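Only one structure is covered here, and it is reproduced in the block below.
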Amino acid sequence: MSELTTIARPYAKAAFDFAMEQDKANKGAVEKWEQMLHFSSELIKDEKMQTFLDSSFSAKRLADTVISICGEQIDQYGQNFIRLMAENKRLKVLPAVYHTFRSYVEESQKLTEVQVISAQPLNATQEQKIATAMEKRLARKVKLNCSVDNSLIAGIVIRTDDFVIDGSSRGQLTRLANELQL
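Sequential numbering of the sequence shown, starting at 1225, is according to this note's numbering.
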């Protein structure tokens, strides 16, 4: 996976820098690039598309096929990006390019995604309290991705890139079991 990230990084950085430059004149360019990369990366993840990319077709044919499938989802700059990646035999790396591009966007916006897994669905007030507390702790804006996991018994687990806060009953029972074994 780190090899993919290494390959994807310069493409993602170039796309991000270009999108930021475009965004100065045309607001929304970064979001447009994010949508284009997301759509094309989802296409590339498809099993049939993976098989097609492994074929011995020319880079031009591969690029033209991806571009035609994407249709109006990608603009002329996105098409050029797809062609460049096809020429360099890097189309399979598009999902990693999208992921890296997203991290550049989040960093520029000082935005961090936080996973909140709870035993019961959270209401809007609870979500707001968690978001406020995490923004204070991380010193940046947060985007909550909330999900429910009944196996937690009760409580919540909060995850981000840097740390995990496990306030679930299952987590407490696991820690207790570990302590008793000592």
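Ideal Cβ placement from N, Cα and C applies to all residues, glycine included.
The structure presented is a predicted model; accordingly, all values stated were derived computationally and were not measured.
Ile-1382: buried (16+ other C-beta within 10 angstroms of its C-beta) or exposed?
Here residue 1382 is taken as the residue at index 158 of the sequence shown, counted from 1. Buried.
Using only CA atoms, which one of Lys-1316, Leu-1376, Lys-1248 lies nearest to Leu-1261?
Residue mapping note: residue 1261 aligns to position 37 of the sequence shown, counting from 1. Here the closest residue by C-alpha is Lys-1316.
Can you give, in chain order, each stretch of the alpha helix (DSSP H) that sits fully within the region 1342-1392 and has at least 4 residues?
1348-1362
Does the beta-carbon of Gly-1391 have 16 or more other beta-carbons within 10 angstroms, so that it is buried, or is it exposed?
In the sequence shown, residue 1391 corresponds to position 167, counting from 1. So Gly-1391 counts as exposed.
Look up Leu-1335 in the DSSP assignment and give the residues it is bridged to.
Looking up residue 1335 in the sequence shown gives position 111. Partner(s): Lys-1365.
Short Cβ contact (8 Å threshold) for Leu-1376 with Ala-1355
Sequence index remark: in the sequence shown, residue 1376 carries index 152 (1-based). Sequence index remark: in the sequence shown, residue 1355 carries index 131 (1-based). For Leu-1376 and Ala-1355, no; Cβs fall outside 8 Å.
Could you tell me if Ser-1342 is buried or exposed, where buried requires 16 or more neighbouring beta carbons within 10 angstroms of its beta carbon?
Looking up residue 1342 in the sequence shown gives position 118. Buried, because 16 or more other Cβ atoms sit within 10 Å of the Cβ of Ser-1342.
Less than 8 Å between the beta carbons of Ile-1231 and Arg-1314, yes or no?
For the purposes of this step, residue 1231 is taken as the residue at position 7 of the sequence shown. For the purposes of this step, residue 1314 is taken as the residue at position 90 of the sequence shown. Result yes, Cβ atoms of Ile-1231 and Arg-1314 sit closer than 8 Å.
Are the beta-carbon atoms of Met-1365 and Leu-1335 separated by less than 8 Å?
Indexing the sequence shown from 1 puts residue 1365 at position 141. Indexing the sequence shown from 1 puts residue 1335 at position 111. Going by the sequence as given, residue 1365 is Lys instead of Met. A contact, by the Cβ cut-off of 8 Å.
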